[in-house]
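Q: My structure is below; once you've seen it, I'll send some questions.
Protein chains in written order, with our numbering: chain S, 1 to 127; chain U, 1 to 168.
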């Protein structure tokens, strides 16, 4: 299934889960900063995606909660180290970290949770 | 005021559905101010009754071991009013039930009129976190709600069970 086929179905679920305007849900939309998702919404989204696509989704695989856990090798002074960025690539292979890695502040990690990340994740699970 | 918005369960199918009723009396406090001369039940209280019906259904599915909390109402629609002297019927169905929580779909009828429908998302409080904050006691299914649990068990015993699907 292509991203173009998956995206409208993901979009419908996000509109229902977040009460978002359809026009605001784009591939580049960030769940928290653009669509105002709160922590409980992530669980709601996982439930909806499972029902929509008939999949079993591990919430921590799609939305990892604690990647670094204060490990000084991975994060120093609130910034991800090279090792930390590699860890991020491993744990979140569907995230577009090109922009993030230019200024890898830990506090900005939420911006990696985008509609595109969900769509790519679903595509990988459907293969 | 007692915070119980169900009078009795009339049907209860564990893990699947529950139906409860609530008779509205003019003596209830909320009618005094909502509104003077036009006593209609406040919509949030209607929703609370539906959530109590669904919450007990979800709690029972795990023998009330989980701390079931109302986490979110993604959808609610109100299409009518309920006045003193009328009877509400709350019908709830489990749409999804998982380790982390559950989703319930429900309707509220006043007599035969559909007056509300909603989707309610319940979360199971994280075991480790809730133990730190609340200890081992299950504060959700305690106190006043325990009376309702007895009513739910009674309704479950009286609800005809569908025959189990035969395996092919």
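By construction, the Cβ of each residue, glycine as well, lies at the ideal position given by its N, Cα and C atoms.
#1: Touch check for the stretch 79 to 94 of chain S and the stretch 103 to 114 of chain S: three-plus C-beta pairs under 8 Å?
#2: Can the beta-carbon of residue 43 of chain S be found closer than 7 Å to that of residue 100 of chain U?
#3: Provide the residue(s) that pair with residue 105 of chain U in DSSP beta bridges, ordered along the chain.
#4: Determine whether the Cβ of residue 78 of chain U lies closer than 7 Å to any Cβ atom of chain S.
#5: Given a cut-off of 7 Å, decide if residue 102 of chain U and residue 122 of chain U are closer than it, judged by their beta-carbon atoms.
#6: Please return the same chain residues whose Cβ sits closer than 7 Å to the Cβ of residue 73 of chain S, not counting the five positions on each side in sequence.
#7: So, helix, strand or coil for residue 83 of chain U, using DSSP?
#8: What are the residues in the stretch 55 to 74 of chain S lying within 9 Å of chain U by C-beta distance?
#9: Whether or not the stretch 73 to 92 of chain U and the stretch 12 to 24 of chain U are in contact is what I'm after, with contact meaning three or more pairs of Cβ atoms, one per stretch, closer than 8 Å; do they touch?
#10: May I ask you to report which of helix, strand or coil DSSP gives residue 93 of chain S?
#11: Exposed or buried, what is residue 89 of chain S when buried is set at 16 or more other beta-carbons lying within 10 Å of its beta-carbon?
#12: Do we get a CB-CB distance below 7 Å when we pair residue 40 of chain S with the residues of chain U?
#13: Quick one: what's residue 20 of chain U bridged to in DSSP?
#14: Could you confirm whether any beta carbon from chain U is found closer than 7 Å to the beta carbon of residue 43 of chain S?
#15: Which residue from U/3, U/5, U/9 puts its Cα closest to that of residue 158 of chain U?
#16: Can you tell me the Cα-Cα spacing of residue 23 of chain S and residue 112 of chain U, whole angstroms?
#17: Going by DSSP, which residues form a beta bridge with residue 30 of chain S?
#18: Check whether the Cβ of residue 47 of chain S lies closer than 7 Å to any Cβ atom in chain U.
#19: Just the Cα atoms here: how many angstroms apart are residue 25 of chain S and residue 19 of chain S?
#20: Beta-carbon separation of residue 68 of chain U and residue 58 of chain U under 7 Å?
#21: According to DSSP, simplified to helix, strand and coil, what is residue 165 of chain U?
#22: Assign residue 150 of chain U to buried or exposed, taking buried as 16 or more other Cβ atoms, counted over all protein chains shown, within 10 Å of its Cβ.
#23: Closer than 7 Å, CB to CB, is residue 72 of chain U near chain S or not?
#24: Taking 7 Å as the limit between beta carbons, can you name the residues of its chain near residue 63 of chain S, skipping five residues before and five after?
A: Judging by the given coordinates:
#1: Touching, per the Cβ criterion.
#2: Judged by their CB atoms, residue 43 of chain S and residue 100 of chain U are nearer to each other than the 7 Å cut-off.
#3: For residue 105 of chain U, which the question treats as bridged, DSSP gives the partners U/93, U/119.
#4: It does not; no Cβ of chain S falls within 7 Å.
#5: Yes, Cβ-Cβ distance for residue 122 of chain U and residue 102 of chain U is below 7 Å.
#6: If we look at residue 73 of chain S and ignore the five residues flanking it on each side, its Cβ neighbours are 81, 83.
#7: Residue state, collapsed to three classes: strand.
#8: So the list reads 59, given in the order they occur along the chain.
#9: Touching, yes, given that three or more Cβ pairs across the two stretches are closer than 8 Å.
#10: Looking at residue 93 of chain S - three-state DSSP - the assignment turns out to be coil, as it is neither helix nor strand.
#11: With fewer than 16 other Cβ atoms within 10 Å, it is exposed.
#12: Chain U, which has a Cβ nearer than 7 Å to the Cβ of residue 40 of chain S, makes this yes.
#13: By DSSP's assignment, residue 20 of chain U forms a beta bridge with U/9, U/90.
#14: Judged by the 7 Å Cβ criterion, residue 43 of chain S is in contact with chain U.
#15: Nearest neighbour of residue 158 of chain U by Cα position, chosen from U/3, U/5, U/9, turns out to be U/9.
#16: Straight-line Cα distance between these residues: approximately 38 Å.
#17: S/114, per the DSSP bridge assignment.
#18: Yes, residue 47 of chain S lies at the interface with chain U (some Cβ there is under 7 Å from its Cβ).
#19: Spanning the two alpha carbons is a distance of roughly 11 Å.
#20: Yes, Cβ-Cβ distance for residue 68 of chain U and residue 58 of chain U is below 7 Å.
#21: For residue 165 of chain U, the pLDDT reaches just 46, beneath the cut-off of 50, and the residue's location in the model is therefore unreliable, although a value from the coordinates is still provided. In the three-state DSSP reduction, residue 165 of chain U falls in the coil class, being neither helix nor strand.
#22: With fewer than 16 Cβ atoms within 10 Å of its Cβ, residue 150 of chain U is classed as exposed.
#23: Answer yes: the Cβ-Cβ gap between residue 72 of chain U and chain S drops below 7 Å somewhere.
#24: When the five nearest sequence neighbours on each side are left out, the beta carbons in the same chain lying within less than 7 Å of the beta carbon of residue 63 of chain S are those of 42, 113, in order along the chain.
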